[in-house]
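Here's the structure we're looking at; comments come further down.
2 protein chains.
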Amino acid sequence: MDVCQEKILHHESVQKALNNIPDMDALHSITGIFKALSDPNRLKIVFALAKCELCVCDLAAVCGSSDSAVSHQLRILRNLKIVRYRREGKVVFYRLDDHHVSTLINQTLEHVKE
Amino acid sequence: MDVCQEKILHHESVQKALNNIPDMDALHSITGIFKALSDPNRLKIVFALAKCELCVCDLAAVCGSSDSAVSHQLRILRNLKIVRYRREGKVVFYRLDDHHVSTLINQTLEHVKE
DNA sequence: TTGACATATGAACAATTGTTCATATGTTTG
DNA sequence: CAAACATATGAACAATTGTTCATATGTCAA
Numbered sequence: 014m015d016v017c018q019e020k021i022l023h024h025e026s027v028q029k030a031l032n033n034i035p036d037m038d039a040l041h042s043i044t045g046i047f048k049a050l051s052d053p054n055r056l057k058i059v060f061a062l063a064k065c066e067l068c069v070c071d072l073a074a075v076c077g078s079s080d081s082a083v084s085h086q087l088r089i090l091r092n093l094k095i096v097r098y099r100r101e102g103k104v105v106f107y108r109l110d111d112h113h114v115s116t117l118i119n120q121t122l123e124h125v126k127e
Numbered sequence: 014m015d016v017c018q019e020k021i022l023h024h025e026s027v028q029k030a031l032n033n034i035p036d037m038d039a040l041h042s043i044t045g046i047f048k049a050l051s052d053p054n055r056l057k058i059v060f061a062l063a064k065c066e067l068c069v070c071d072l073a074a075v076c077g078s079s080d081s082a083v084s085h086q087l088r089i090l091r092n093l094k095i096v097r098y099r100r101e102g103k104v105v106f107y108r109l110d111d112h113h114v115s116t117l118i119n120q121t122l123e124h125v126k127e
């Protein structure tokens with residue numbers, strides 16, 4: 014009812030805005046990244062891995078949560094190509110997939126500090 | 014049980030990682046920003062406002078959702094200092110509070126494109 | 001003041017999320 | 001091969017989230 018087009022107050026601006034909005038696919042890719050970084054434990058994982066390579070139970074110690082919980086979180090980060098891993102015997106080492114993400118969180122740190 | 018300290022495999026790395034993790038307050042400030050940007054409609058709002066100032070019902074048209082829903086979302090963005098507003102008569106115009114956020118989403122766009 | 005309009009907000013409900021627990025997979029060592 | 005260990009995963013449950021609906025606030029014009 015109030016989604017009705019007749020109600021738009023500033024047509025040209027709305028049109029300009031609409032042109033600037035990425036398509037649904039891109040939109041969901043971006044929200045995926047942000048959602049991944051919106052959980053304190055996952056963010057801890059990323060901050061930790063920004064410093065050095067760590068295995069699952071190291072990360073569990075860092076986060077103060079269980080191996081299982083961390084493993085679930087790591088899968089999410091893996092699927093989004095935020096982290097990659099390398100197996101060495103029984104141990105699986107995780108690290109950041111690229112430096113984009115550290116840049117991202119550092120930039121957000123700046124925003125927050127003000 | 015598996016949070017036990019004895020299980021840590023790489024003590025020095027864990028220590029180094031722990032030193033790199035911001036305190037809880039900073040951590041929650043950052044996750045707050047990311048959480049805000051992790052909703053498709055809020056992200057649309059931010060992309061829209063990156064282009065020009067818009068009122069609530071313009072934004073509703075852009076997002077394809079109700080005025081009320083948009084207003085609720087705008088409060089979240091307002092509380093996080095992501096957007097600011099200006100009243101002109103009956104109409105309230107929103108715009109981005111600073112350019113940090115547009116930088117942030119554009120950077121994420123880059124990450125996603127690869 | 002009254003009515004119309006733009007926006008804001010509280011309550012409630014459905015959908016999503018993160019954890020735990022149990023169990024499975026994969027790897028090394030005896 | 002079996003046992004021990006590191007990690008992964010599915011199901012289920014509690015907590016959080018985004019929307020809708022009803023109503024409230026604030027502003028303008030008559």
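Chains W and E, in that order, give the protein sequences.
The first sequence runs 14 to 127 under my numbering.
The second sequence runs 14 to 127 under my numbering.
Backbone N, C-alpha and C define an ideal beta-carbon position, used for all residues, glycine too.
Check, Outcome
"Cutoff 9 Å: D15/E Cβ touching any chain W Cβ", "Low confidence applies to D15/E: its pLDDT is 44, below 50, so where it sits in the model is not reliable enough to give any reading."
"Between the CA atoms of H85/W and T116/E - distance to the nearest angstrom", "30 Å"
"Under 8 Å (Cβ pairs) to chain W, residues found in the stretch 89 to 118 of chain E", "V104, D111, H113, V114, T116, L117 and I118"
"D15/W to S79/E span [Cα, whole Å]", "Residue confidence is low: D15/W scores 43 on pLDDT, short of 50, so the model does not pin down where it sits. Its coordinate-derived value is still stated next. If I take the Cα positions, the gap works out to 6 Å."
"Extent of the continuous beta strand (DSSP E) run through L62/W", "It is not in any beta strand (DSSP E) - L62/W instead sits in the alpha helix (DSSP H) that spans P53 to K64."
"Start-to-end residues for the beta strand (DSSP E) that takes in S109/E", "Reading off the sequence, residue 109/E comes out as Leu, not Ser. Start and end: V104 to L109."
"F47/E beta carbon less than 9 Å from that of L87/W", "no"
"Within chain W, partners of D71/E - CB distance below 8 Å", "I21, L22, H23, S26, V27 and A30"
"Rounded separation between L59/E and P53/W - CA only", "In the sequence on display, residue 59/E carries Val and not Leu. Each residue's alpha carbon lies about 23 Å from the other."
"First through last residue of the alpha helix (DSSP H) which encompasses D71/W", "V69 to C76"
"Nearest-angstrom Cα separation, counted from Q28/E out to C70/W", "13 Å"
"Beta-carbon neighbours of D52/E, restricted to chain W and to distances below 9 Å", "T44, F47 and K48"
"Test: H41/W CB closer than 9 Å to a CB of chain E", "yes"
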